[in-house]
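S.K.: Using this note's numbering, you'd call the opening residue of the sequence shown number 5 and step up by one each time.
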Amino acid sequence: MRKRARRPVALGLALVVAVGGATAGALAVTGSGGRHITAWFDHTVGVYAGSDLRILGVKVGTVDEVRPEGSRVRVTMTLDDGIPVPADAGAVVVAPSVVADRYVQLTPAYTAGPRLADHAVIPAERTATPVEVDQLYRSITELSDALGPNGANATGSLSRLLDTGAQNLAGNGKAIGDTIDQLGQATRTLSGHSDDLFATLAALQSFTTMLKENDGKVRSATEELSTVTGFLAADRQDLGAALDQLATALGQVKSFIEDNRSRLRSTVDRLVPITQSLVDQRASLAELLDTAPLAADNLLAAYDPARRTIDGRADLNEISADARAVGTPLPLPLPPVDTTPTPVPTASPTPDPTTDPGTDPPPDPGTDPPPDPGTDPTADPGSQGVAR
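Written out as structure tokens, the structure reads:
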């Protein structure tokens, strides 16, 4: 009876063990719960299977496998359930100290937006590893060799540079610190006005391009400016004397203005109507300035220096009455003139002065005829009938 009672118990235990084994096998094949992430690194010194996976220094998973593949290393990690990670997150190997084990950290922390999916892959472009100590030592060694006696300091140039710099900077630590602080403030100011700075640089680029396109003109202007400066340099004594006289004259003008301030004010006030009249007649003045040279040329062309006369001819077709004075202007063109010749009357016979008592005797051929009362006997015969 006891043997029969023990059989069900043994069968139950065997069933439990079988179920547990199957569950363990399934977990071994599929892995534990959480999201699986794969990241590619250039190298992963100090990272092993079982290392921590962290976000902001807090453990959120573990490293499952580290496998080198060619020139890169594939790191498989498991992220705990319920931990949000940005879809574009990166992975960084962090070394807390020189000898401590390293861990992988996902960055940045999630705030909003799409989340990293299960079995996501982080490419090498979004991963980073710290500089190894041996690489740092190697870089320092290369720098010291380049600056040492076998490099830049082969002739002692670097030593002399350091000595000169130490002498020049001695006692100027506070000034250098203030300069650095002001430089930091200047950079912050420039950072806050980056748009204006870039706009200024763009305008400067346009200006330099314009200078490049007009290189010949710029060179010509520079040469002319050089000529002017040379001329001023050659006459600098005369120029200095002129400036001294100008300073004296300006002083006298200042004294005159101070002594006659009220008179100048009243004079300027009286000039206001005159200047206003000039402003009101600016159109007429402009027309006068335009036509005055032509009128002067015409006057010069009409003047006859031999006879000292101004010869001119009026065109009646250009003359018209003022409509405001007469009422209506004369019709232009004027009506044609009657050109029919007028008959000349027949001359009467010349009376004989010897027989006709009412006539004057004929003039003596040896004497000049009496002058015409309507003419000037002293006038030039060639100028009769010509207007002066």
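Backbone N, C-alpha and C define an ideal beta-carbon position, used for all residues, glycine too.
1. Which same chain residues end up closer than 8 Å to Leu151 when comparing Cβ atoms and leaving out the 5 residues on each side of it in sequence?
2. To the nearest angstrom, how far is it from the Cα of Tyr114 to the Cα of Leu57?
3. Pick out whichever of Ala95, Pro112 and Ala116 has its Cα sitting closest to the Cα of Arg106.
4. So, at 8 Å on beta carbons, what are the nonlocal neighbours of Thr183 in its own chain, with the 5 sequence-adjacent residues on each side left out?
5. Output needed for Asp68: all residues of its chain with C-beta closer than 8 Å, excluding positions within five of it in sequence on either side, in chain order.
6. If we ignore side chains and look at the alpha-carbon of each, how far apart do Asp315 and Asp301 end up?
7. Once DSSP output is grouped into helix, strand and coil, what is the label at Thr159?
8. Roughly how many angstroms separate the alpha carbons of Gly169 and Ile180, rounded to a whole number?
9. Leaving aside the five residues before and after Val125 along the sequence, list all residues of the same chain whose C-beta is less than 7 Å from its C-beta, in chain order.
10. Verify the CB distance criterion: does Gly160 have a CB-CB separation below 8 Å to chain C?
11. Which value, in whole angstroms, describes the spacing of the CA atoms of Glu262 and Gly255?
12. Using beta-carbon positions only, say whether Arg130 and Pro88 come within less than 8 Å of one another.
13. Buried or exposed for Leu173, going by 16 or more other Cβ atoms inside 10 Å?
14. So, are the CB atoms of Thr66 and Val97 less than 8 Å apart?
15. Give the C-beta separation of Val394 and Val70 to the nearest angstrom, bearing in mind that I take them to be a contact with Cβ-Cβ under 8 Å.
16. Could you check whether Ala121 and Trp44 sit closer than 8 Å to each other, using their CB atoms as the reference points?
17. Of all the alpha helix (DSSP H) runs that stay within the bounds of the region 131-157, which reach a length of 4 or more residues?
18. Report yes if the CB atom of Leu243 is closer than 8 Å to the CB atom of Leu236, and no otherwise.
19. Got a sec? Which residues, its chain only, sit under 7 Å from Leu215 by beta carbon, not counting five neighbours each side?
20. Roughly how many whole angstroms lie between the Cα atoms of Arg190 and Gln209?
21. Does DSSP put Ile261 in a helix, in a strand, or in coil?
22. If Pro112 sits next to Pro90, beta carbons under 8 Å apart, how far is it from one beta carbon to the other, in whole angstroms?
23. Which runs of the beta strand (DSSP E) at least 3 residues long sit entirely within the region 50-106? Give them in chain order.
24. Using DSSP with H/G/I as helix, E/B as strand and the rest coil, what is Leu215?
25. Suppose contacts are defined by Cβ-Cβ distances below 8 Å. Is Leu110 in contact with Ile59 by that definition?
26. Considering Arg39, what are the terminal residues of the beta strand (DSSP E) in which it resides?
27. In the DSSP assignment, what residue or residues form a beta bridge with Ala237?
28. Residues in the same chain with beta-carbon distance under 7 Å from Arg78, minus the five sequence neighbours each way, listed in chain order, please.
29. Taking Cβ positions, are Asp85 and Gly38 nearer each other than 8 Å?
30. Going along the chain, which residues of its own chain have a beta-carbon closer than 7 Å to the beta-carbon of Asp149, five neighbours each way excluded?
31. Buried or exposed for Ser55, please, with buried defined as at least 16 other CB atoms from any protein chain shown within 10 angstroms of its CB.
32. How is the beta strand (DSSP E) around Ala179 delimited, first residue to last?
33. In chain order, what residues of the same chain lie with their CB nearer than 6 Å to the CB of Lys63, ignoring the 5 residues before and after it?
34. Terminal residues of the continuous beta strand (DSSP E) containing Ala124?
35. Going by CA-CA distance only, name the one from Ala99, Pro100 and Asp46 that's closest to Gly74.
M.R.: Quick look at the numbers:
1. Result list for Leu151: Asn157 and Leu162, in chain order.
2. The straight-line gap from Cα to Cα measures roughly 15 Å.
3. Per the Cα distances, Ala95.
4. Counting only Cβ-Cβ distances below 8 Å, and skipping sequence neighbours, we find nothing.
5. Excluding sequence neighbours, Asp68 sits near Gly35, His40, Ala53, Thr80, Met81 and Thr82.
6. Straight through space, the alpha carbons of Asp301 and Asp315 are spaced by roughly 14 Å.
7. In the structure shown, Thr159 adopts coil according to DSSP, grouped into three states.
8. In a straight line, the C-alpha of Gly169 is about 13 Å away from that of Ile180.
9. Cβ within range, chain order: Thr42.
10. No chain C appears in this structure, which consists of one protein chain only.
11. Going by the C-alpha atoms only, they are around 11 Å apart.
12. Judged by their CB atoms, Arg130 and Pro88 are not nearer to each other than the 8 Å cut-off.
13. Counting of Cβ neighbours within 10 angstroms places Leu173 among the exposed residues, the total staying below 16.
14. Their beta carbons are not under 8 Å apart, which means Thr66 does not touch Val97 by this criterion.
15. Here the chain has residues from 5 to 392 only, and residue 394 is not among them.
16. No, the pair does not count as a contact, with Cβ atoms beyond the cut-off.
17. With a minimum length of 4 residues, the continuous alpha helix (DSSP H) runs that stay inside the region 131-157 are 137-151.
18. The answer is yes: Cβ separation under 8 Å.
19. These residues qualify, in order along the chain: Val222.
20. Here the sequence assigns Ala to residue 190, which means Arg is not the residue at that position. Cα to Cα, Ala190 sits roughly 23 Å from Gln209.
21. Correct three-state label for Ile261: helix.
22. Between Pro112 and Pro90, the beta carbon gap of about 6 Å places them in contact (Cβ cut-off 8 Å).
23. Taken in chain order, the complete beta strand (DSSP E) segments of 3 or more residues contained in the region 50-106 are 56-59, 62-73, 76-83 and 94-98.
24. In the three-state reduction of the DSSP assignment, Leu215 falls in the helix class.
25. Between Leu110 and Ile59, the gap from beta carbon to beta carbon is short of 8 Å.
26. Arg39 to Phe45 is the extent of the beta strand (DSSP E) around Arg39.
27. According to DSSP, Ala237 bridges with nothing at all.
28. Result list for Arg78: Thr42, Trp44 and Arg71, in chain order.
29. Taking 8 Å as the Cβ cut-off, Asp85 and Gly38 qualify as a contacting pair.
30. Excluding positions up to five away in sequence, the list reads Gly155.
31. Here Ser55 is buried: its Cβ has 16 or more other Cβ atoms, across all protein chains shown, within 10 Å.
32. According to the DSSP assignment, Ala179 belongs to no beta strand (DSSP E) but to the alpha helix (DSSP H) extending over Gly177 to Gly196.
33. Around Lys63: Asp56.
34. DSSP places Ala124 in the uninterrupted beta strand (DSSP E) bounded by Ala124 to Ile126.
35. Ranking Ala99, Pro100 and Asp46 by Cα distance to Gly74 puts Asp46 first.
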